[in-house]
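Novice:
In our numbering, the protein residues as written are 10 to 121.
(1) Just how far apart, CA to CA, sit residue 15 and residue 34?
(2) With distance defined between alpha-carbon atoms, name the residue in 21, 26 and 77 nearest to residue 115.
(3) For residue 119, I'd like the list of residues in its chain whose CB is within less than 6 Å of its CB, leaving aside the five on either flank, ordered along the chain.
(4) Distance check for residue 108 and residue 92, CA to CA, integer angstroms please.
(5) Output needed for residue 117: all residues of its chain with C-beta closer than 6 Å, excluding positions within five of it in sequence on either side, in chain order.
(6) Ordered along the chain, which non-local residues of its own chain (more than five positions away) have a Cβ less than 7 Å from that of residue 13?
(7) Starting from residue 55, trace the beta strand (DSSP E) in both directions and tell me its first and last residue.
(8) Might you give, ordered along the chain, the residues of its own chain that have their beta carbon closer than 7 Å to the beta carbon of residue 21, omitting 5 neighbours on each side?
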């Protein structure tokens with residue numbers, strides 16, 4: 010029988026991506042991500058995706074939407090700092106949220 014410990018998954022990760030959208034659940038999601046992040050060198054990567062309608066250019070400046078996204082990411086930074094977990098945040102404009110999150114996770118090298 011194979012040794013289970015050899016196949017055990019770590020309980021924490023070094024690079025945890027957390028997507029936030031401005032919902033009430035965001036704070037708990039960030040706190041959970043902080044608990045899942047290795048306290049010895051781990052980092053949180055908070056991402057907020059702004060979906061840009063296909064009728065607009067992808068780089069269209071949507072001031073009010075960008076401002077809201079920045080406030081959402083500010084909250085991620087506060088929560089991660091309170092948990093003493095280093096944090097990076099990114100505001101991304103994309104056509105579709107799902108593929109944009111996957112791209113961000115791959116680019117950043119997220120473990121989770």
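Glycine is no exception: its CB is placed at the ideal position from the N, C-alpha and C atoms. Remember, it's a predicted structure, so these values are computed and weren't measured experimentally.
Specialist: With the structure as the only source:
(1) In this prediction, residue 15 scores a pLDDT of 49, lower than 50, which makes its location untrustworthy; the coordinate-derived value is nonetheless stated afterwards. Rounded to the nearest whole angstrom, the C-alpha separation of residue 15 and residue 34 is 35 Å.
(2) 26
(3) 24 and 26
(4) Spanning the alpha carbons of residue 92 and residue 108 requires a straight line of approximately 29 Å.
(5) 54
(6) Only weak support is given to the placement of residue 13: the predicted model assigns it a pLDDT of 46, under 50, and the question is left unresolved by the model.
(7) 52-60
(8) A distance below 7 Å between beta-carbons, with the five flanking residues on each side excluded, links residue 21 to the following residues of its chain, in chain order: 45, 46, 47 and 51.
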